[in-house]
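Participant:
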Amino acid sequence: MIDLTKLAQKCQITMDFAGKQLRRLIETYPDYFPMYTVNGKWQHEGEAWTNWCEGFLGGQLWLLYQHTGERYWREKAEYYSRLIERRKTDRNVHDLGFLFLSTWKRWYDLTGDKDIEKVVIEAGQTLALRFKERGQYLRSFVADDSLFIDIMMNVPIIYYAAQQTGNENLWRIANQHSLTTRRYLVRGDGSTAHEGIFDLGTGEFLRQSTHQGWRNDSSWARGLTWALYGFGTVYIYTQDARFLNTAEACANFYIERTPDHGVPPNDWEEAPNPSLPYESSAAAIAASGLLNLAKLTGDPARARFYHAYALRIIDTLTTPEFLAIDTPGWEGILKHGMYHQRKGLGVDESVMWGEYFFLEAISKVLSQQNVANRMWGHE
Ligand code: GLY
Numbered sequence: 035m036i037d038l039t040k041l042a043q044k045c046q047i048t049m050d051f052a053g054k055q056l057r058r059l060i061e062t063y064p065d066y067f068p069m070y071t072v073n074g075k076w077q078h079e080g081e082a083w084t085n086w087c088e089g090f091l092g093g094q095l096w097l098l099y100q101h102t103g104e105r106y107w108r109e110k111a112e113y114y115s116r117l118i119e120r121r122k123t124d125r126n127v128h129d130l131g132f133l134f135l136s137t138w139k140r141w142y143d144l145t146g147d148k149d150i151e152k153v154v155i156e157a158g159q160t161l162a163l164r165f166k167e168r169g170q171y172l173r174s175f176v177a178d179d180s181l182f183i184d185i186m187m188n189v190p191i192i193y194y195a196a197q198q199t200g201n202e203n204l205w206r207i208a209n210q211h212s213l214t215t216r217r218y219l220v221r222g223d224g225s226t227a228h229e230g231i232f233d234l235g236t237g238e239f240l241r242q243s244t245h246q247g248w249r250n251d252s253s254w255a256r257g258l259t260w261a262l263y264g265f266g267t268v269y270i271y272t273q274d275a276r277f278l279n280t281a282e283a284c285a286n287f288y289i290e291r292t293p294d295h296g297v298p299p300n301d302w303e304e305a306p307n308p309s310l311p312y313e314s315s316a317a318a319i320a321a322s323g324l325l326n327l328a329k330l331t332g333d334p335a336r337a338r339f340y341h342a343y344a345l346r347i348i349d350t351l352t353t354p355e356f357l358a359i360d361t362p363g364w365e366g367i368l369k370h371g372m373y374h375q376r377k378g379l380g381v382d383e384s385v386m387w388g389e390y391f392f393l394e395a396i397s398k399v400l401s402q403q404n405v406a407n408r409m410w411g412h413e
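So our numbering is basically just the index in the sequence shown, starting at one, shifted up by 34.
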């Protein structure tokens, strides 16, 4: 059983440490959007593979602003959000949800300013242009015939644009994409494939495949957590129980297959490699997604279970094995993340999305703890 007061203290220490690391990052490398560290350093010439991470820096700055209320973070959050505004029309990536939900959507939620919301809506409209009528999916960045599980984290921006504009076609695209992903990329045991390949002529689904996982029939850990979190978010928009069931199936697979500390390897089927036992960014995404699921599931016992498991992950990630607080010279916050093992990119390093979802999960714990303290008169 986790001691909640101690965990809240660890989360507070983590937030303070994150503030120091981020302040150093933006002051040492102004206007730079890092993706993964090399030997713990953010700036290097390593390949990006694709440009999908530029929202995670601004997103962390918004989280720090929300946590501290300090003007410094607000100004930096706005500044780094503005730097990516032009990406709202970017047709080269499938990641506009990652870019704009973590930045401009947070900004809009704080201000209610319709000019800010317009940017979010335009990004959603742009993403929808990737829809393939034959096959009924949003194509990935790699090719027309390719569907990625990762897109489940981005499709909510299309639902949002549809909801705010009343555009039924946008809603259809988002919903069909989610149903196609559920049908072809999520397996009966709740595991997920990274990629689906379609026949461009007929739209027929041909096979499951992978880029960042071990094998085509295995389950790449981060992909599964994108599904866990993404299907949960889609349920919030649609209230369609099929999406909640899918999110819970993915959560159950994660929990069954992961060691007790809560951090999976890069792929559950991969031959054990004692030097690379962790993919901490998947754990951070799972923790934040499970905190969401604990609120979404209609079953109180499962809600307690998801919540407790999320806290267990956070308890592990806030130890010095993962938190870089006792690692001199390390520029990231969370160690032992993995970007693309096969390509040798960001292997056992800090990764920008890991930092973002870790801080998001930590912020949720701290705000729940603040509510509890207020309720019991401890403030
Ligand atoms: N391309 C998204 C990811 O690496 O998770």
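Where is the CB? At the ideal position from N, CA and C, for every residue including glycine. As the structure is a prediction and not an experimental result, all values here were calculated from the model.
1. Answer with yes or no whether the minimum CB distance from residue 148 to chain C is below 7 Å.
2. Among 92, 124, 120, 119, which residue has its Cα nearest to the Cα of residue 414?
3. If I follow the unbroken alpha helix (DSSP H) through residue 108, where does it start and stop?
4. With DSSP as the reference, label residue 356 as helix, strand or coil.
5. Give the DSSP-derived three-state secondary structure of residue 301 in the structure shown.
6. Out of 281, 352, 63, 252, which one is the CA nearest neighbour of residue 43?
7. Tell me residue 229's beta-bridge partners as DSSP assigns them.
8. Please name the residue, chosen from 139, 229, 337, 259, that lies closest to residue 251 on a Cα-to-Cα basis.
9. Between residue 233 and the ligand GLY, is there a pair consisting of the residue's CB and a ligand heavy atom that are separated by less than 6 Å?
10. In chain order, which continuous runs of the beta strand (DSSP E) of length 3 or greater are located wholly inside the region 152-199?
11. I need the straight-line Cα distance from residue 407 to residue 280, nearest angstrom please.
12. Can you give me the Cβ contacts of residue 218 inside the same chain, cut-off strictly under 6 Å, excluding the 5 residues immediately before and after it?
13. When DSSP labels each residue in this structure, what does residue 379 get in the three-state scheme?
14. Report whether the distance from the Cβ of residue 147 to the nearest heavy atom of the ligand GLY is below 6 Å.
15. With 16 as the cutoff for other CB atoms within 10 Å, does residue 55 come out buried or exposed?
16. Quick check on this structure: which residue in 328, 70, 115 has the alpha carbon closest to the alpha carbon of residue 365?
17. May I have all residues whose beta carbon comes closer than 5 Å to any heavy atom of the ligand GLY, sorted in chain order?
18. Mind checking who residue 70 pairs with in its DSSP beta bridge?
Facilitator: In brief:
1. No chain C appears in this structure, which consists of one protein chain only.
2. Coverage of the chain is limited to positions 35 through 413, which leaves residue 414 absent and any answer about it impossible.
3. Residue 108 sits at position 74 when you count from the first residue of the sequence shown. That run of the alpha helix (DSSP H) goes 105-116.
4. The sequence position of residue 356 within the sequence shown is 322, counting from 1. If DSSP states are grouped into helix, strand and coil, residue 356 belongs with coil.
5. Counting from one through the sequence shown, the residue named residue 301 turns up at place 267. Here residue 301 carries a strand assignment [DSSP, helix/strand/coil].
6. The count along the sequence shown starts at 1 and reaches residue 43 at position 9. Answer by Cα proximity: 352.
7. If you number the sequence shown from 1, residue 229 lands on position 195. Under DSSP, residue 229 takes part in a beta bridge, and its partners are 182, 243.
8. Here residue 251 is taken as the residue at index 217 of the sequence shown, counted from 1. Ranking the options by Cα distance to residue 251, first place goes to 229.
9. If you number the sequence shown from 1, residue 233 lands on position 199. False, no ligand heavy atom lies under 6 Å from that Cβ.
10. 180-182, all fully within the region 152-199.
11. For this step, residue 407 is matched to residue 373 along the sequence shown. For this step, residue 280 is matched to residue 246 along the sequence shown. Residue 407 and residue 280 have their C-alpha atoms roughly 34 Å apart.
12. Here residue 218 corresponds to residue number 184 of the sequence shown, with the count starting at 1. Spatial neighbours of residue 218 in its own chain (CB-CB distance under 6 Å, excluding positions within 5 residues in sequence) are listed in chain order as 230, 239.
13. Taking the first residue of the sequence shown as 1, we reach residue 379 at position 345. Here residue 379 carries a strand assignment [DSSP, helix/strand/coil].
14. The residue labelled residue 147 in the question sits at position 113 within the sequence shown. At a threshold of 6 Å, residue 147 does not count as near the ligand GLY, since its beta carbon sits no closer than that to any of the ligand's heavy atoms.
15. Counted from its first residue, the sequence shown places residue 55 at position 21. Buried, because 16 or more other Cβ atoms sit within 10 Å of the Cβ of residue 55.
16. For the purposes of this step, residue 365 is identified with residue 331 of the sequence shown, where counting begins at 1. Minimum Cα-Cα distance from residue 365 among the listed residues 328, 70, 115 corresponds to 70.
17. Those residues are 184, 256, given in chain order.
18. Numbered from 1 along the sequence shown, position 36 holds the residue referred to as residue 70. Residue 70 is bridged by DSSP to 385.
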